[in-house]
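Peer 1: Throughout the sequence shown, residue numbering follows the numbering used here, covering 1 to 169 in sequence.
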Amino acid sequence: MIDFIRKMDRNELLKLIEVYAKNWLTHDGCWFLAAEETYEMETAMDLDRKSWHRFAAAEAKRIVRAFNIPENGGLDSLKRAFNYRLYAAINEQKTERPDDQTLIFTMERCKVQETRRRKGLPDFPCKPVGIIEFTRFAQAVDPRIQTRCIQCPPDDTGDVYCKWEFSID
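1) If you draw a straight line from the C-alpha of Q113 to the C-alpha of F124, how long is it?
2) Taking the C-alpha atoms as reference points, what is the distance between D48 and P153?
3) Could you pull the DSSP bridge partners for Q151 from this structure?
4) Starting from the C-beta of T106, find all residues in its chain whose C-beta is less than 6 Å away, skip the five residues before and the five after it, and write them out in chain order.
5) From A89 to E59, what distance separates their C-alpha atoms?
6) With a Cβ-Cβ cutoff of 8 Å, do L78 and V141 count as a contact?
7) Using three-state DSSP, classify F137 as helix, strand or coil.
8) So if DSSP puts L86 in a beta bridge, which residue, or which two residues, is it bridged to?
9) When DSSP labels each residue in this structure, what does K119 get in the three-state scheme?
10) Is DSSP giving R6 helix, strand or coil here?
11) If you compare alpha carbons, which of P128, P122, F166 is closest to K50?
12) In whole angstroms, what is the alpha-carbon distance linking D100 and F55?
13) Three-state secondary structure (DSSP) at D99?
14) Could you give the residue range of the alpha helix (DSSP H) that holds F55?
If you want it as structure tokens, here you go:
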């Protein structure tokens, strides 16, 4: 299998990355729906938070190692690490540096929320999970980084899906 992948051209590899990212996201959604059907929303959300608590840190550490991102490299390392997340292959996101101590991350297009809206469903209230996810990811890159949610469903998010502030003293 690895030899097959090594022989792929650039366009095939890009498509493979997109398929892997969509499959991962689909699995996450299927897992959550199964938890919600088996238990109830509150328990499913609790399980989701616990899962993201583990996964986000593991994802960040793997990215830092694989792409030689400086450990404890502050907001520059975090900004770089965001580019390698699975989400980055299927969502539109941007980062801004208003000053040396701040990084703003904005999810401009979100596959999860767009799919829900297309199906006539309300936005998934991902803020409680997102707080854990983004905090754990950032602190795995550099434990000095503080995370603050600017806006995320169920908040009114305006023309973007979510926005996060990362700071370091």
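Note that CB positions come from ideal geometry on N, CA and C, so glycine has one too.
These figures come from a predicted structure and were not determined experimentally.
Peer 2: Reading it off the structure:
1) When rounded, the distance between both Cα atoms is 7 Å.
2) The alpha-carbon of D48 is positioned some 15 Å away from that of P153.
3) K163, per the DSSP bridge assignment.
4) K94, V160, K163
5) 14 Å
6) yes
7) Correct three-state label for F137: helix.
8) Beta-bridge pairing links L86 to no other residue.
9) coil
10) Of the three classes helix, strand and coil, the one that applies to R6 here is helix, per DSSP.
11) P128
12) 28 Å
13) Per DSSP, reduced to three states, the secondary structure at D99 is strand.
14) According to the DSSP assignment, F55 belongs to the alpha helix (DSSP H) that extends over 41-66.
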